[in-house]
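With our numbering as the guide, the letters of the sequence shown map in order to residues 142 to 692. Note that beta-carbon positions come from the ideal geometry of N, C-alpha and C, so glycine has one too. As structure tokens, the structure follows; a few thoughts come after it.
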Amino acid sequence: AGTRTGVMGVAPARQELGQLPYRLDIRLAQRCHVMLTDPLEQARRAGRQLHHFHGGLRLRHNKKISCELPIERSAMPARLFVPLLQHTGEEAEPLVSRGQRVLKGEPIGCFEHLGSGCVHAPTSGTVSAIDLHPISHPSGIEGRCVIIEPDGIDQWTEQHPLADWRTAEPEDLRRVIGSAGIVGLGGAVFPTGFKVQEASRRGIHTLILNGAECEPYISCDEMLMREQPASVILGAQILQRAVGAERTVIAIEDQMGAVQQALQEALGAAGAEHIDIVKVTTIYPEGGEKQLIQVLTGLEVPSGGRPTDLGLLCQNVATATAVARAVVQGKALIERVVTVTGNGVHRPRNLLAAIGTPIADLVRQSGGYTEDAARLVLGGPMMGYPLNSDANPVIKAANCILVLTEQDIRAAQPEMPCIRCGECARVCPAVLQPQQLHWTALHGLWDEAVAAGLADCIECGCCAFVCPSHIPLVDWFRHGKSQLQRLASEHAAADAARQRFEAREARLAQVEADRRKRMEEKKRGLRSKRDKQERIAAAVERARARRDGEP
Numbered sequence: 142a143g144t145r146t147g148v149m150g151v152a153p154a155r156q157e158l159g160q161l162p163y164r165l166d167i168r169l170a171q172r173c174h175v176m177l178t179d180p181l182e183q184a185r186r187a188g189r190q191l192h193h194f195h196g197g198l199r200l201r202h203n204k205k206i207s208c209e210l211p212i213e214r215s216a217m218p219a220r221l222f223v224p225l226l227q228h229t230g231e232e233a234e235p236l237v238s239r240g241q242r243v244l245k246g247e248p249i250g251c252f253e254h255l256g257s258g259c260v261h262a263p264t265s266g267t268v269s270a271i272d273l274h275p276i277s278h279p280s281g282i283e284g285r286c287v288i289i290e291p292d293g294i295d296q297w298t299e300q301h302p303l304a305d306w307r308t309a310e311p312e313d314l315r316r317v318i319g320s321a322g323i324v325g326l327g328g329a330v331f332p333t334g335f336k337v338q339e340a341s342r343r344g345i346h347t348l349i350l351n352g353a354e355c356e357p358y359i360s361c362d363e364m365l366m367r368e369q370p371a372s373v374i375l376g377a378q379i380l381q382r383a384v385g386a387e388r389t390v391i392a393i394e395d396q397m398g399a400v401q402q403a404l405q406e407a408l409g410a411a412g413a414e415h416i417d418i419v420k421v422t423t424i425y426p427e428g429g430e431k432q433l434i435q436v437l438t439g440l441e442v443p444s445g446g447r448p449t450d451l452g453l454l455c456q457n458v459a460t461a462t463a464v465a466r467a468v469v470q471g472k473a474l475i476e477r478v479v480t481v482t483g484n485g486v487h488r489p490r491n492l493l494a495a496i497g498t499p500i501a502d503l504v505r506q507s508g509g510y511t512e513d514a515a516r517l518v519l520g521g522p523m524m525g526y527p528l529n530s531d532a533n534p535v536i537k538a539a540n541c542i543l544v545l546t547e548q549d550i551r552a553a554q555p556e557m558p559c560i561r562c563g564e565c566a567r568v569c570p571a572v573l574q575p576q577q578l579h580w581t582a583l584h585g586l587w588d589e590a591v592a593a594g595l596a597d598c599i600e601c602g603c604c605a606f607v608c609p610s611h612i613p614l615v616d617w618f619r620h621g622k623s624q625l626q627r628l629a630s631e632h633a634a635a636d637a638a639r640q641r642f643e644a645r646e647a648r649l650a651q652v653e654a655d656r657r658k659r660m661e662e663k664k665r666g667l668r669s670k671r672d673k674q675e676r677i678a679a680a681v682e683r684a685r686a687r688r689d690g691e692p
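As structure tokens, then:
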């Protein structure tokens with residue numbers, strides 16, 4: 142978050158960058174409006190009327206420096222480090238072994254927990270090792286990587302595109318999307334195959350393509366929409382058919398004039414129907430899924446719920462482009478556009494990089510580091526996280542490589558007690574009370590933290606950015622979420638142990654009951670046998686008595 146990278150100062154920057162010029166109780170406004178309009182009907186009109194979300198920040202864009210050059214394909218490195226963990230969930234299991242030759246697009250790891258977790262080879266070559274390596278994770282941990290030495294041939298594996306996506310069954314489209322290893326390229330890396338399957342079951346009326354790239358410095362989506370608008374429109378059409386949506390809304394920022402023109406021309410060339418391009422106000426974090434939906438519909442996604450609860454499916458524009466390549470060309474997700482930017486590189490730009498490419502190679506192709514380069518960040522200045530080394534590889538979630546100088550990094554400030562000023566609550570887009578969440582996390586009151594909405598925090602960093610006490614609020618919230626996950630794991634383990642104990646006790650009780658039943662049956666058998674013997678003896682005595690009584 143902003144507290145991690147420390148890009149901008151607090152007090153002077155607030156006056157320089159400005160805040161939202163309004164305060165809006167969105168829940169009250171929404172409640173009054175919904176009394177007159179059914180929520181599902183209101184959701185169907187997404188984009189016809191724009192609304193506001195609570196809080197947010199107006200920040201300097203700093204995007205122009207990386208948009209002056211066209212997207213260029215990065216050079217293939219000497220070795221690719223492809224992590225097996227590149228999606229929400231657990232690490233994929235390797236499907237290859239050391240010394241094996243692989244082809245471009247061939248599956249090298251797969252994880253089926255959410256229906257789509259495959260990792261594919263970015264080029265042809267030889268697997269030199271499957272070993273631990275930094276995987277560009279926020280925690281800085283290492284993970285298993287398939288290390289590939291390219292052979293320079295770049296030979297594709299056999300591809301199986303669909304003959305005609307317009308006539309293909311939606312289930313076939315969803316199957317191809319799931320097998321291509323496509324995940325959300327906006328940063329969440331949630332398997333797209335699972336999302337489209339769920340959306341088709343829930344019944345979706347509107348597909349939203351998120352092109353609102355609101356975080357400073359990041360421009361990969363903007364350049365993608367400028368240069369490949371036809372692929373974005375094609376991906377929108379395919380996704381719309383795959384989930385059965387009635388219409389599609391492509392949301393872009395109001396500062397993206399060139400993008401709007403490119404998309405409009407692509408719409409006309411494709412003859413695409415039921416697709417609308419909507420410009421939204423550039424306010425951070427409007428690119429967040431829930432915030433964008435609120436802007437387009439005036440409705441909030443329910444706490445703990447999903448956009449599908451409103452009949453909506455939200456996907457990133459880069460994800461849509463990956464879907465188009467998978468369905469029409471049969472190509473798996475093996476590369477992505479990455480913004481390499483910041484005052485710490487000589488030539489900021491956007492590069493099309495193979496997954497697994499060391500970040501150092503991208504920086505080198507961007508002119509290398511400047512003399513005052515001081516910090517390397519994966520992501521933007523608000524939600525990104527620092528990297529310890531540029532040997533880390535490009536992953537599917539890597540939308541930006543930000544190199545900061547000493548002038549960009551605010552000086553470390555001592556953390557002071559909360560003064561309850563309420564600034565954090567004013568800018569929180571999730572309509573939470575960050576000061577209250579901080580108090581619960583500080584004292585380990587996890588039940589109260591859950592009740593206060595800790596799970597709804599999107600970790601945007603707005604609260605930490607404006608905090609005059611320099612409290613690393615987002616770090617506290619991440620800590621709280623990790624503690625809740627730990628407690629949930631412990632409770633699950635305790636429940637499993639209790640269930641095992643209860644099952645054992647029930648099993649032993651059943652064994653004892655069966656033993657007692659057998660004993661009772663045996664006793665009844667013995668009593669029956671004794672009774673029979675007594676009846677026989679009595680009959681013998683009677684017969685003897687009759688015999689002795691005869692003359």
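With 16 or more other Cβ atoms from the protein chains shown falling within 10 Å of its own Cβ, N351 counts as buried. Here I374 is not bridged, per DSSP, to any residue. In this structure, the CA atom of S207 is about 8 Å from the CA atom of R488. Leaving aside the five residues that flank S530 on each side, none in its chain has a CB nearer than 6 Å to its CB.
Residues of the same chain with a CB within less than 8 Å of the CB of A593, apart from the 5 flanking positions on each side, are L573, Q574, Q577, L578 and T581 in chain order. A473 sits in coil when the DSSP states are folded into three classes, being neither helix nor strand.
Across the structure, E312 and A187 are spaced so that their CA atoms are roughly 26 Å apart. Per DSSP, the beta-bridge partners of A494 are R477. Taking a cut-off of 8 Å for Cβ pairs, the stretch 503 to 519 and the stretch 317 to 331 do not touch, as fewer than three such pairs fall below it. Out of C259, A353, T298 and V400, the CA that lies nearest to the CA of L437 is found in A353. In the pairwise beta carbon analysis, the stretch 378 to 386 is classified as touching the stretch 331 to 341: at least three pairs are separated by under 8 Å. In the DSSP assignment, E283 is bridged to P275. Scanning C604, A473, G483 and M524 for the CA closest to the CA of C562 turns up C604. Counting only residues of its own chain and dropping the five nearest sequence neighbours on each side, Q190 has a CB closer than 8 Å to the CB of G439. In chain order, K472 place their CB closer than 7 Å to the CB of R466, counting only its own chain and leaving out the 5 sequence neighbours on each side. Residues of the same chain with a CB within less than 8 Å of the CB of D272, apart from the 5 flanking positions on each side, are R285, C286 and I288 in chain order. Under the DSSP assignment, A399 falls in the alpha helix (DSSP H) whose first and last residues are G398 to A411.
At the C-beta level, P291 and T308 stay beyond 8 Å of one another.
Look at the stretch 488 to 563 and you find these whole runs of beta strand (DSSP E), each 3 residues long or longer: 490 to 495, 514 to 519 and 541 to 546.
Between L493 and R220, the CB-CB gap reaches or exceeds 8 Å. Distance between L628 and Q456, taken at the CA atoms: about 32 Å. In this structure, R619 is the residue among R619, H611, L454 and L586 with its C-alpha nearest to the C-alpha of C598. DSSP places W617 in the helix class (H, G or I) of the three-state scheme. Here DSSP, grouped into helix, strand and coil, assigns A187 to coil. Per DSSP, V607 is one residue of the alpha helix (DSSP H) stretching across C603 to V607. DSSP, reduced to helix, strand and coil, places G319 within a helical segment of the structure shown. Going by beta carbons, Y510 and V486 fall inside the 8 Å limit.
The straight-line gap separating the alpha-carbon atoms of L375 and T462 is approximately 8 Å.
Within its own chain, the residues whose Cβ lies closer than 7 Å to the Cβ of T449, once the five positions on either side in sequence are excluded, are E339, A340, R343 and I345, listed in chain order. Take R316, set aside five residues on each side of it, and no residue of its chain has a beta-carbon closer than 6 Å to its own. A residue is called buried once 16 or more other Cβ atoms fall within 10 Å of its Cβ, and S630, having fewer, is exposed. A644 carries a helical assignment under DSSP once its states are collapsed to helix, strand and coil. By the neighbour-count criterion, in which a residue is buried when 16 or more other Cβ atoms sit within 10 angstroms of its Cβ, E600 is buried. Here W587 carries a helix assignment [DSSP, helix/strand/coil]. For D689 and R683, the gap between their C-alpha atoms comes out near 10 Å.
DSSP places Q456 in the strand class (E or B) of the three-state scheme.
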